[in-house]
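Notes follow the structure.
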Amino acid sequence: MEEIRIPALLDAHVHLRQGRLLTAVAPYTERCCSAAVLMPNTDPPLDTPERLEAYQAEVRGHFKHCQPLWTFKLTEKTSLADVVHFKKLGCVAAKLYPEGVTTNSAGGISLDVLGNVGKGRDMPLDRTLQSLCDYSIVLSCHGELPGLFCLDREAGFLYHLGRIMHRFAALRVVLEHISTRKAAEFVTLRGYANRLAATITAHHLLLTLDDVLGDKLAPHHFCKPVAKRPDDREALWELVLQGHPNVFLGSDSAPHLRGDKECAAGCAGVFTAPVLPEVLFELFEQRQALDLIPRFTSQNAQRFYGLTPSERTITVLRHGWTVPKECAGVVPFRSGDVLSWRLVTPA
Ligand SMILES: [Zn+2]
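Using the working numbering, the letters of the sequence shown correspond one by one to residues 63 to 409.
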């Protein structure tokens with residue numbers, strides 16, 4: 063049977079949640095990743111060093127082979143002392159959520175404050191962004207501007223990101239889960255060469271808006287940013303297939319219990335962790351690009367985040383299997399579908 067061994071994945075953007083859900087979903091990341099950048103929009107969010115320390119204590123026991131990489135949520139109250147403390151706690155990135163843009167993003171950065179960055183006034187966010195430069199912490203952005211028409215929110219954020227990057231020339235930024243041609247083009251702007259990266263999810267490499275609402279409403283395909291036009295999806299593939307050095311996997315795997323997705327006001331998030339390597343192999347094989355997988359799934363992110371490459375490898379077998387209808391009360395991506403590759407679970 064055909065099998066392929068690659069370096070274990072570095073998932074540069076994943077939501078592990080807390081409590082019972084954390085216990086249920088962490089093994090999916092542990093099984094295939096050498097490291098994972100854990101997002102801070104827990105409830106309450108990881109916006110103080112004390113909350114992060116408590117979360118670290120909760121998460122650590124779930125991982126043996128996968129190294130958790132910590133982040134904190136940037137707020138208008140984040141102080142220089144907080145940044146120093148977060149750095150000591152091992153944070154690699156500070157997450158910027160424009161206020162109200164996605165799950166648990168209340169208390170993020172308001173449009174007023176975002177709009178005033180770099181305008182020459184001594185604003186608290188300016189000081190915080192400078193401290194990220196000083197302490198080599200990456201700014202991780204949920205790049206959507208609330209209030210705009212939903213398909214235009216990502217493009218709307220790029221204007222603000224451009225100003226931030228212009229004002230803070232030493233700032234290193236990851237634009238998370240890009241979903242549009244405009245964002246893909248922004249990432250390739252030459253002026254930003256080594257200090258702007260982008261994550262791409264597995265589901266944005268597969269879905270378009272048609273898969274969310276083109277036929278019947280598919281709540282388990284609904285995420286933010288929502289999947290867009292076929293041309294936008296192609297733009298993401300163009301970045302991946304050229305092996306762009308600053309473009310890498312961030313699954314944005316975001317579990318919500320079935321009832322929170324299948325209801326009148328369903329939550330945003332696609333739960334890809336249970337099928338992540340398998341779906342990526344299928345998609346890359348369709349593009350005749352299996353050889354590009356390690357670059358996209360681990361090496362580029364390792365380099366951007368300055369991490370020592372892990373020695374952990376994973377093996378994927380060509381072996382058809384059916385994705386379960388439900389994992390721990392959550393409907394996984396590709397639920398009920400037959401996939402042609404399967405991760406060999408280590409003994
Ligand atoms: Zn996310």
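For every residue, glycine included, the Cβ atom is placed at its ideal position computed from N, Cα and C.
CA-to-CA distance, A316 to V341, given in whole angstroms | To locate residue 341, count along the sequence shown from 1; it is residue 279. To locate residue 316, count along the sequence shown from 1; it is residue 254. C-alpha separation (whole angstroms): 16 Å.
Element boundaries [beta strand (DSSP E), containing S96] | Position 34 of the sequence shown holds residue 96. Taken as a continuous stretch (DSSP letters only), the beta strand (DSSP E) holding S96 covers C95 to L100.
Alpha carbon to alpha carbon, what distance is there between H282 and S241?
-> Locating residue 241 in the sequence shown gives position 179, where the first residue counts as 1. Locating residue 282 in the sequence shown gives position 220, where the first residue counts as 1. In a straight line, the C-alpha of S241 is about 17 Å away from that of H282.
With respect to 7 Å, is the separation between the Cβ of A316 and the closest non-hydrogen atom of ligand 1 below this value?
-> Working through the sequence shown from its first residue, we reach residue 316 at position 254. For ligand 1, at least one heavy atom lies less than 7 Å from the Cβ of A316.
So, is L36 buried or exposed, given that buried needs 16 or more other C-beta atoms within 10 angstroms?
-> Residue 36 lies beyond the stretch modelled for the chain, which goes from 63 to 409, so this question has no answer here.
Go ahead and label D293 buried or exposed: buried means 16 or more other beta carbons lie within 10 angstroms of its beta carbon, across all protein chains shown.
-> To locate residue 293, count along the sequence shown from 1; it is residue 231. D293 should be labelled exposed.
In DSSP terms, what R67 is bridged to | Here the question's residue 67 lines up with position 5 in the sequence shown. Answer is T377.
In this structure, does DSSP put L401 in helix, strand or coil?
-> What you label residue 401 is simply residue 339 of the sequence shown in a count that begins at 1. It is a strand residue.
Proximity winner among L176, A232, S198 and A155, relative to L223 (alpha-carbon distances) = Counted from its first residue, the sequence shown places residue 223 at position 161. The shortest Cα separation from L223 among L176, A232, S198 and A155 belongs to L176.
Grouping DSSP H, G and I as helix and E and B as strand, with all else coil, what is C153?
-> Locating residue 153 in the sequence shown gives position 91, counting from the first residue. Residue state, collapsed to three classes: strand.
Say the cut is 7 Å; is the CB of M101 nearer than that to a heavy atom of ligand 1?
-> Sequence index remark: in the sequence shown, residue 101 carries index 39 (1-based). Flag set: Cβ of M101 near ligand 1.
Using CA coordinates, which residue listed in P356, P106 and P69 is at the minimum distance from R93?
-> Here the question's residue 93 lines up with position 31 in the sequence shown. R93 has its Cα closest to that of P69, out of P356, P106 and P69.
Mind checking whether the beta-carbon of H266 lies closer than 7 Å to any heavy atom of ligand 1?
-> Taking the sequence shown and counting its residues from 1, one reaches residue 266 at position 204. Not so, every heavy atom of ligand 1 lies at least 7 Å from the Cβ.
Is S202 closer than 8 Å to V146 when the C-beta atoms are compared?
-> Within the sequence shown, residue 146 is the residue found at index 84, counting from 1. Within the sequence shown, residue 202 is the residue found at index 140, counting from 1. Taking 8 Å as the Cβ cut-off, V146 and S202 do not qualify as a contacting pair.
State yes or no: is the C-beta of H283 nearer than 7 Å to some heavy atom of ligand 1?
-> Along the sequence shown, one-based indexing puts residue 283 at 221. No, ligand 1 has no heavy atom inside 7 Å of this Cβ.
Going by the CB atoms, is the gap between A245 and G205 shorter than 8 Å?
-> Position 143 of the sequence shown holds residue 205. Position 183 of the sequence shown holds residue 245. Yes, the pair counts as a contact, with Cβ atoms nearer than the cut-off.
Through-space distance from R357 to E347, alpha-carbon basis | To locate residue 347, count along the sequence shown from 1; it is residue 285. To locate residue 357, count along the sequence shown from 1; it is residue 295. C-alpha separation (whole angstroms): 15 Å.
Could you name the residues that DSSP lists as bridge partners for C389?
-> Working through the sequence shown from its first residue, we reach residue 389 at position 327. In DSSP, C389 forms a bridge with V392.
So what's R208 in DSSP terms, helix, strand or just coil?
-> Along the sequence shown, read from residue 1 onward, the residue named residue 208 stands at position 146. The sequence shown places Pro at residue 208, rather than the Arg named in the question. Note: P208 maps to coil in three-state DSSP.
Measure the Cβ-Cβ separation of V309 and I355 and say whether it is below 8 Å.
-> Working through the sequence shown from its first residue, we reach residue 309 at position 247. Working through the sequence shown from its first residue, we reach residue 355 at position 293. No, Cβ-Cβ distance for V309 and I355 is not below 8 Å.
Do H77 and ligand 1 come close, with the Cβ less than 7 Å from some heavy atom?
-> Residue mapping note: residue 77 aligns to position 15 of the sequence shown, counting from 1. True, at least one ligand heavy atom lies under 7 Å from that Cβ.
With burial defined as no fewer than 16 other Cβ atoms inside 10 Å of the residue's Cβ, what is the status of E238: buried or exposed?
-> Position 176 of the sequence shown, counting from 1, holds the residue named residue 238. The residue is buried, with at least 16 neighbouring Cβ atoms inside 10 Å.
Quick one: what does DSSP say T250 is sitting in, helix, strand or coil?
-> Counting from one through the sequence shown, the residue named residue 250 turns up at place 188. Coil, per DSSP.
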